[in-house]
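In what follows, a structure is listed as structure tokens, so that the remarks can point back to it.
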Amino acid sequence: MDYAQHLQEDKFVIFLFHGVIEKQVAQVRNYTRKHLEKDYFAGKLKELISAGGNPVSMDDIASHHAAGEPLPPRSFAVTFDDGFLNNLTVAAPVLADLSIPATFYVTTDFIQSNRMSWVDRIEWAIEETASGLLHLPWRNDAHFSDADSKRQLLDEIRRHVKSDRKIRMDDLASDIQRQLGLPETWASENLLDRKMDWDEVARLHGHPLFVVGGHSHSHAILSFLTEDELEYEIAHSLELLRDNAAVSPKHYSYPEGLAHCYSESIIARLKRHDVQVCPSAIDGKNDASTDLFHLRRIMAV
Ligand SMILES: [Zn+2]
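In our numbering, the protein residues as written are 30 to 330.
Written out as structure tokens, the structure reads:
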């Protein structure tokens, strides 16, 4: 992907990353390039700088918005979702070397128990198994036998699960692990899975260039929740960040972040908890008039 082509005089861009790893090793895992190779990541950031890119923080975006002032031309921000340990150990040193600020939105249950997301639990199970036949809620005969068919099946699972509120994502992941004869697995030390612990979150937040924000407690799609569940996801995640890492987040990002994943009532609730800026994962750029709860991001691959 050509990152620098996104730079514009009168718009700013927010890049969305998840992880950075030393090098890609898996056959199927990380086929979506959720985690980028370190050299590639560093190269892309250098390209942005040499193309006249102006790195800004999410705080800069908030303060310019409050003042009604546009950001400098060709501004870009770097954000990471979910809380992977490689954000601290691999990405942060690269960003620090280039003096590029970044915001890291962490899912508090992932931090509490080094928990994997439902999609990583499914990717792991399918990577571990040479071939298999799965009974899925929408079809009974999902067969996979090589890297291509595994990737196709994972794409299909992502598509269905993210759009169907009746599917309980982690129940499906556990069921798939069981169907493939694997132990029910929620955590792993693999750097594609390993999350920061609280000390590591606090260390990242303590760096002058970096800020930590919230990203729900369990990574549930907020718009699929009851009012009580929603309150818990937001309030509990903020409380854990405060108590364990001395983070008082005014920054948050919506899990999955697509248009159907959040709403005006969710935004009102975040505001009641003093959240001030919450980017989506809807593809696009922003300008001085873009609402701080509808900021668009570009998935960096
Ligand atoms: Zn996420």
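By construction, the Cβ of each residue, glycine as well, lies at the ideal position given by its N, Cα and C atoms.
Taking a cut-off of 6 Å from the heavy atoms of ligand 1, the residues with a C-beta inside it are 110, 111, 244, 248 and 284. Contact between residue 110 and residue 45 holds, since their C-beta atoms are separated by about 6 Å, short of 8 Å.
The beta carbons of residue 57 and residue 180 sit closer together than 8 Å. Residue burial is scored here from C-beta neighbours: residue 285 has at least 16 other C-beta atoms within 10 angstroms and is therefore classed as buried. For residue 195, the number of other beta carbons within 10 angstroms of its own is below 16, and it is reported as exposed. Where residue 169 is concerned, the enclosing beta strand (DSSP E) starts and stops at 168–173. In the DSSP annotation of this structure, the continuous segment of the alpha helix (DSSP H) that includes residue 69 starts and ends at 67–79. Relative to residue 211, the option among 119, 31, 278 and 160 whose CA is nearest is 160.
For residue 240, the enclosing beta strand (DSSP E) has its first and last residue at 239–243.
Residue 33 is positioned such that its CB atom lies closer than 8 Å to that of residue 77. Sequence-distant Cβ neighbours of residue 59 in its own chain, meaning closer than 7 Å and more than five residues away, are 53 and 221. Residue 59 has no beta-bridge partner at all, per DSSP. Taking the C-beta atoms as reference points, residue 252 is found nearer than 8 Å to residue 292.
Your pair residue 130 and residue 102 does not check out as a contact, with CB atoms roughly 18 Å apart and the cut at 8 Å.
Apart from sequence neighbours up to five positions away, the residues of its chain that approach residue 82 with a beta-carbon distance below 6 Å are 36, 103 and 105, ordered along the chain. One alpha carbon belongs to residue 201, the other to residue 154, and they sit about 12 Å apart. Residue 235 carries a helical assignment under DSSP once its states are collapsed to helix, strand and coil.
Counting along the chain, residue 165 sits inside the beta strand (DSSP E) bounded by residues 161–165. Residues of the same chain with a CB within less than 7 Å of the CB of residue 254, apart from the 5 flanking positions on each side, are 262 in chain order. Exclusion of the five residues before and after residue 303 leaves 279 as the residues of its chain whose Cβ lies within less than 7 Å of its Cβ.
In the three-state DSSP reduction, residue 203 falls in the helix class (H, G or I). For residue 295, there is no enclosing beta strand (DSSP E); the enclosing alpha helix (DSSP H) covers residues 293–301. Excluding residues up to 5 positions away in sequence, 49, 67, 70, 71 and 74 lie with their Cβ nearer than 8 Å to the Cβ of residue 123 in the same chain. Distance check between residue 298 and each of 264, 270, 276 and 316 places 264 closest, using alpha-carbon atoms only.
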